[in-house]
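In what follows, a single structure is set out as structure tokens and then discussed.
In structure tokens, the structure reads:
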């Protein structure tokens, strides 16, 4: 599996974003979020045979983050609670027939390239309540708010997760090590 990190509105990034929208639509969620200005967004895509099979985005906070329409007060509180750079991990989408390695590879790239290169201190993530345990166990993210119904995703429930990058790195590396040793399965 090949992985690429792209910035903003490049042709490859647009292809990955369209892939995410198709996957969201096919799962009954409408379309994924889009920001008016994605110049501070890194799009990570996984490819198999030159075809996008998964994508994940990271956006540096420039005053508006994905999901802010849903949790404006809570994201505002995170933004102003401490010094440092805030970002959002979002738009994760994979083909339904993809194996766990696609998601794990996207997360590896998010940590190795995206979060590190953007020098983030804290990360928010808005996910389905049923996906929140994965982020809690693998990355140490904690629930800040929700569930709430997201009208942009056709009323699907969402929760706001927050993580401190230092703790997220430590937890992710531990999870990957335990998984490699066979001590933990995909679903934790």
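Numbering (my numbering), first residue to last: 261 to 448. C-beta atoms are modelled at their ideal positions from N, C-alpha and C, and glycine is treated no differently.
Could you check whether residue 420 and residue 386 sit closer than 7 Å to each other, using their CB atoms as the reference points?
Their beta carbons are under 7 Å apart, which means residue 386 touches residue 420 by this criterion.
So, with DSSP's three-state summary, where would you put residue 431?
In the structure shown, residue 431 sits in a helix (DSSP, three-state: H, G or I).
Is DSSP giving residue 417 helix, strand or coil here?
strand
Could you tell me the distance, in whole angstroms, from the CA atom of residue 338 to the CA atom of residue 286?
32 Å
For residue 336, which option in 437, 280, 360 and 405 has the closest C-alpha, if you only look at C-alpha atoms?
Nearest to residue 336 by alpha-carbon distance, out of 437, 280, 360 and 405, is 405.
Taking the Cβ atom as the reference point for each residue, do residue 315 and residue 279 lie within a distance shorter than 7 Å?
yes
Boundaries of the beta strand (DSSP E) in which residue 358 is found, first to last residue:
Taken as a continuous stretch (DSSP letters only), residue 358 belongs to no beta strand (DSSP E), as it is neither H nor E.
Do residue 320 and residue 288 count as a contact pair if the criterion is CB distance below 7 Å?
no
Based on DSSP bridge pairs, tell me the residues matched to residue 385.
In the DSSP assignment, the residues bridged to residue 385 are 421.
Name, in chain order, the residues that DSSP records as bridge partners for residue 437.
Beta-bridge pairing links residue 437 to no other residue.
Express the C-alpha separation of residue 362 and residue 303 in angstroms, rounding to a whole number.
Whole-angstrom Cα-Cα distance: 15 Å.
Checking the sheet assignment: what are the DSSP bridge partners for residue 404?
Per DSSP, none; premise fails for residue 404.
Integer-rounded CB distance, given that residue 330 should sit under 8 Å from residue 418
6 Å
Looking only at C-alpha atoms, which of 311, 327 and 283 sits nearest to residue 411?
327
Could you please give me the residues that DSSP links to residue 284 through a beta bridge?
Beta-bridge partners assigned by DSSP to residue 284: none are found.
Tell me the rounded alpha-carbon separation between residue 261 and residue 344.
Residue 261 and residue 344: Cα-Cα distance of roughly 34 Å.
Along the chain, where does the beta strand (DSSP E) that runs through residue 301 open and close?
301-308
Can you grab the Cα-Cα spacing for the pair residue 378 / residue 358, in whole Å?
28 Å
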